[in-house]
Amino acid sequence: MIFRQLFEPVSCTYTYVLASRRGGEALIIDPVLDRVDSYIELFARLELRLVKAIDTHVHADHITGLGALRDRTKCITVMGRESAVDAVSMRVADGDTIDIEGLRLDVLHTPGHTDDSYSFVLPDRVFTGDTLLIRGTGRTDFQHGSSDDSYESIFNKLLTLPDETLVYPAHDYKGETVSTVAEERAFNPRLQVSSKAEYAAIMDNLGLANPKMMDVAVPANVAIGMAQTGDGEGKDGDWGLTVDQARARIDNPDVILVDLREDAERRQNGVIPGSLHVPYVDIDDQVGPSGVLSQLVHGSETQLVFYCAYGERSALAVQTARDSGLSEAVHIMGGIDAWKKAGAPLEG
Ligand SMILES: [Fe+2]
Numbered sequence: 003m004i005f006r007q008l009f010e011p012v013s014c015t016y017t018y019v020l021a022s023r024r025g026g027e028a029l030i031i032d033p034v035l036d037r038v039d040s041y042i043e044l045f046a047r048l049e050l051r052l053v054k055a056i057d058t059h060v061h062a063d064h065i066t067g068l069g070a071l072r073d074r075t076k077c078i079t080v081m082g083r084e085s086a087v088d089a090v091s092m093r094v095a096d097g098d099t100i101d102i103e104g105l106r107l108d109v110l111h112t113p114g115h116t117d118d119s120y121s122f123v124l125p126d127r128v129f130t131g132d133t134l135l136i137r138g139t140g141r142t143d144f145q146h147g148s149s150d151d152s153y154e155s156i157f158n159k160l161l162t163l164p165d166e167t168l169v170y171p172a173h174d175y176k177g178e179t180v181s182t183v184a185e186e187r188a189f190n191p192r193l194q195v196s197s198k199a200e201y202a203a204i205m206d207n208l209g210l211a212n213p214k215m216m217d218v219a220v221p222a223n224v225a226i227g228m229a230q231t232g233d234g235e236g237k238d239g240d241w242g243l244t245v246d247q248a249r250a251r252i253d254n255p256d257v258i259l260v261d262l263r264e265d266a267e268r269r270q271n272g273v274i275p276g277s278l279h280v281p282y283v284d285i286d287d288q289v290g291p292s293g294v295l296s297q298l299v300h301g302s303e304t305q306l307v308f309y310c311a312y313g314e315r316s317a318l319a320v321q322t323a324r325d326s327g328l329s330e331a332v333h334i335m336g337g338i339d340a341w342k343k344a345g346a347p348l349e350g
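When the letters of the sequence shown are read in order and numbered with our numbering, they come out as residues 3 to 350.
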């Protein structure tokens with residue numbers, strides 16, 4: 003496995019890059035906007051293809067690199083279901099998995115620092131975000147934080163992982179890089195408590211100032227969505243369909259709906275009847291000269307209508323398809339989320 007722990011010194015943030023092999027697919031956890039160039043350089047050197055960028059929660063102390071990485075690599079952005087972010091490609095919940103080639107992260111909802119805090123687990127390590135830090139725990143006094151939730155997440159979820167599990171947090175302010183579950187249980191001063199109330203008494207009396215970047219970072223981090231409607235300049239025309247516009251076309255035999263989501267998302271949320279399944283990670287190949295989608299469209303009146311969970315992957319797919327010469331490709335703005343809210347039909 004390729005594993006990199008990268009440090010951003012202004013906010014003392016750790017960013018993690020994971021891949022199963024050189025030349026394979028990669029994911030990144032908690033990227034920082036200012037460091038995006040260096041991540042891209044690292045991917046190039048290791049011949050990695052970034053396919054997923056994950057934030058453990060909405061950060062208050064730095065601006066996330068999720069939007070910039072999506073714009074530059076067309077990767078899928080991933081956050082928890084509770085995150086009040088205008089658009090991410092894929093939302094996860096407790097018990098889900100995040101898969102890339104050769105690697106699977108188990109998703110643990112670990113609220114407390116914020117209500118949208120998640121941890122991600124591999125067999126030998128856990129990425130704890132700001133829920134559990136080395137000899138500390140994430141503050142619980144803003145962004146819907148809760149010391150009760152923090153206690154539950156730490157004691158009933160993270161500390162139930164095997165003792166030797168490596169703990170990789172999102173921050174460290176003293177230069178520590180890694181710990182283990184057993185070490186934190188034994189030596190983390192905030193965890194030497196006998197009850198939830200005792201823990202809450204510590205957390206509710208920390209008297210911390212707000213992070214310097216908070217007023218800038220939180221608004222920026224909840225507005226990372228991309229334009230889903232086209233360039234508005236008339237060059238490419240409008241390529242975003244509303245749900246109503248899409249519904250009006252689905253019975254047209256020249257229209258092919260293409261579902262870009264992963265199997266688990268399709269099982270959880272249903273599928274628009276009659277659609278083709280092409281996972282987003284395969285889109286480059288499928289719209290290329292020998293791809294199934296380009297062959298379907300070639301020499302016919304067929305129009306591709308992409309959709310995904312929230313409209314972000316599908317907007318990127320439209321750009322990829324149009325770059326490959328499939329100039330009629332469009333997508334459903336807001337994805338299955340908008341489709342469901344409009345009460346439009348689903349199967350499965
Ligand atoms: Fe945080």
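C-beta: ideal position from N, C-alpha, C; glycine also.
The structure presented is a predicted model; accordingly, all values stated were derived computationally and were not measured.
Since lysine 159 and threonine 112 are thought to touch, with beta carbons under 8 Å apart, how far apart are those beta carbons, to the nearest angstrom? Contact holds; Cβ gap of about 6 Å.
Under a Cβ-count criterion, where at least 16 other Cβ atoms within 10 Å of its own Cβ denotes burial, should serine 326 be classed as buried or exposed? With 16 or more Cβ atoms within 10 Å of its Cβ, serine 326 is classed as buried.
Are the beta-carbon atoms of proline 33 and threonine 17 separated by less than 8 Å? It is a contact, given that the beta carbons lie within the stated cut-off.
Can you find a heavy atom of ligand 1 that lies under 7 Å from the Cβ of histidine 115? Checking the 7 Å criterion, the Cβ of histidine 115 is within range of a heavy atom belonging to ligand 1.
Under 8 Å between the Cβ atoms of leucine 20 and isoleucine 42? At least 8 Å separates the beta-carbon of leucine 20 from that of isoleucine 42.
Near alanine 340, what residues of its chain come up, given a Cβ to Cβ distance below 6 Å and the 5 sequence neighbours on each side ignored? So the qualifying residues of the chain are Val245.
Own chain, CB closer than 6 Å to cysteine 310, minus 5 neighbours either side, in chain order: So the list reads Leu262, Arg263, Ser316, Gly337, once near-sequence residues are dropped.
So, for arginine 251: in the same chain, excluding its five sequence neighbours on each side, which residues have a beta-carbon less than 6 Å away from its beta-carbon? Spatial neighbours of arginine 251 in its own chain (CB-CB distance under 6 Å, excluding positions within 5 residues in sequence) are listed in chain order as Val257.
Taking the alpha carbon of leucine 208 as the point to measure from, which residue in Val224, Gly138, Ala172 has its own alpha carbon closest? Check the Cα spacing between leucine 208 and each of Val224, Gly138, Ala172: the tightest is with Gly138.
Going by the CB atoms, is the gap between isoleucine 226 and serine 88 shorter than 8 Å? Contrary to the premise, residue 88 reads as aspartate rather than serine in this sequence. Yes, they are a contact pair.
Leaving out the 5 sequence neighbours to the left and right, which residues in its chain are closer than 8 Å to alanine 266 when beta-carbon positions are compared? For alanine 266, where only same-chain residues beyond five positions count, the Cβ hits under 8 Å are Asp98, Thr99.
Would you mind working out which of Val307, Arg268, Val299 sits nearest glutamate 380, comparing C-alpha positions? Residue numbering for the chain in the displayed model covers 3 to 350; residue 380 lies beyond these limits and cannot be assessed.
Straight-line Cα distance separating valine 273 from isoleucine 334: Those two C-alpha atoms are separated by around 13 Å.
Simplified DSSP state of arginine 269, which is helix, strand or coil: Looking at arginine 269 - three-state DSSP - the assignment turns out to be helix.
Quick check: what's the CA-CA separation for valine 128 versus tyrosine 282? The straight-line gap from Cα to Cα measures roughly 27 Å.
Taking the alpha carbon of threonine 130 as the point to measure from, which residue in Arg93, Thr179, Ala86 has its own alpha carbon closest? Threonine 130 has its Cα closest to that of Thr179, out of Arg93, Thr179, Ala86.
Expressed to the nearest angstrom, what Euclidean distance is found between the alpha-carbon atoms of arginine 2 and alanine 172? For residue 2 there is no data in the structure shown, the boundaries of the chain being 3 and 350.
Considering only DSSP beta bridges, list what serine 181 is partnered with. DSSP output for serine 181 lists Val169 as bridge partner(s).
Using 8 Å as the Cβ pair cut-off and three pairs as the minimum, do the stretch 160-167 and the stretch 204-220 touch? By the Cβ test, the stretch 160-167 is not in contact with the stretch 204-220, since fewer than three Cβ pairs between them sit closer than 8 Å.
So what does DSSP say about glycine 82, is it helix, strand or coil? Strand at glycine 82.
Cβ-heavy atom distance between histidine 279 and ligand 1 below 7 Å? No, ligand 1 has no heavy atom inside 7 Å of this Cβ.
Would you mind sorting phenylalanine 45 into buried or exposed? The rule is 16 or more other CB atoms within 10 Å of its CB. That one is buried.
Taking 7 Å as the limit between beta carbons, can you name the residues of its chain near phenylalanine 9, skipping five residues before and five after? Sequence-distant Cβ neighbours of phenylalanine 9 in its own chain, meaning closer than 7 Å and more than five residues away, are Tyr16.
If you reduce the DSSP assignment to three classes, tell me which class leucine 110 lands in. In the structure shown, leucine 110 sits in a strand (DSSP, three-state: E or B).
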